[in-house]
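A.B. asks:
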Amino acid sequence: MELLKERIYKDGKVFPGDVLKVDSFLNHQIDAELLGKMGEEIYDLFKDCSVNKILTIEASGIALACFAAREFSCPCVFAKKAKTSNISDSVYTTGVHSYTHGVDYNIVVSKEFLNEGDNVLIVDDFLANGAAMNGLISLCEQAGARVVGCAAAIEKVFQNGGNSLREKGYRVEGLAKVLEMDGEAGTIVLE
Ligand code: 5GP
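In the working numbering, the protein residues as written are -1 to 189.
What follows is the structure, encoded as C-alpha cells:
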C-alpha cells in the first residue's frame, strides 16, 4: 500500500534488534485518516471471504482492527494479555512470546466472543516471527472458528512468521513489507 510505504519511509525509525518504531502514526499516536484507508485496503483484500469477526491482540493491534471491522460491519474482538495465571473456564487461552518485550505471557478471549462457525480475519500491527498470529489462530482453533486469513499493517518478511503461516496454508497479507532493516545505519528497504 503506497500511502503506508511513504509514511514508513518518512516517519519510521529503525532500532537495533530489528525493531521498527512507527509510534507517530500507528501505535502510540494514531493517524486515524491513514488507518481508515488501511481498513479499506484490508476490506478490499478479504471482502469475498464472508468475514464476520475481526480478531486482534491488545494493545497496538486494536486501532487498525477497529477500522477494518468498521468496513466489514462486524465486531472487533481483542485478545487480552492475562494478568494472572488464574485463568477461568470461560475463556480460551494460549501462551505467546512477545517480540518487543522478550517475555512469555498468556492471552485470553472470552468464550462468549469467539464461536464455532465464525469466519475470523486476524489483524495486527506487525508480523515478525508470527508468535502473536499463531496465538490468535490457536484461540480460533479452540473455539472451532475458521481463520479466513491474517492481515498485518507491516510484515517484516526477513523474519519468517508470514512465510511459515503461508506454508501452513493460511492467507497472509502485509500492507507494507519490510525486506531489510539496518538498526545501526537506521535504514529500511520496503518491497
Ligand atoms: P511476532 O509475534 O510476529 O514475532 O511479532 C508481532 C508482535 O510483536 C506485534 O503484535 C507487535 O506488537 C510486535 N512487533 C514485532 N515487531 C515489531 C516492530 O518492529 N515494531 C513494533 N513497534 N512492534 C513489533
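We put the CB at the ideal spot given by N, CA and C, even for glycine.
Mapping DSSP to helix, strand and coil, what is Met36?
C.D. replies: Of the three classes helix, strand and coil, the one that applies to Met36 here is helix, per DSSP.
A.B. asks: Rounding to the nearest angstrom, what Cα-Cα distance links Gly142 and Glu114 in this structure?
C.D. replies: Their backbone Cα atoms lie some 4 Å apart in a straight line.
A.B. asks: Go through the stretch 116 to 184 residue by residue and report every complete run of the alpha helix (DSSP H) that reaches 4 residues or more, in order.
C.D. replies: Runs of the alpha helix (DSSP H) inside the stretch 116 to 184: 129 to 141, 159 to 165.
A.B. asks: Can you grab the Cα-Cα spacing for the pair Phe44 / Lys51, in whole Å?
C.D. replies: About 12 Å.
A.B. asks: Would you call the stretch 134 to 152 and the stretch 87 to 107 touching, i.e. three or more CB-CB distances under 8 Å?
C.D. replies: Touching, yes, given that three or more Cβ pairs across the two stretches are closer than 8 Å.
A.B. asks: Quick one: give me the first and last residue of the beta strand (DSSP E) that Lys11 is part of.
C.D. replies: 11 to 13 is the span of the beta strand (DSSP E), which, as asked, contains Lys11.
A.B. asks: Within its chain, find whatever has a CB closer than 7 Å to the CB of Ala61; leave out the 5 residues flanking it on each side and keep chain order.
C.D. replies: Excluding residues within five positions, the ones whose Cβ falls inside 7 Å are Ile28, Leu33.
A.B. asks: Please name the residue or residues paired with Val187 in a DSSP beta bridge.
C.D. replies: Val187 is bridged to Glu178.
A.B. asks: What residue does the alpha helix (DSSP H) around Ile55 start on, and which one ends it?
C.D. replies: Looking at the DSSP string, Ile55 is not in any alpha helix (DSSP H); the run it does join, the beta strand (DSSP E), is 51 to 55.
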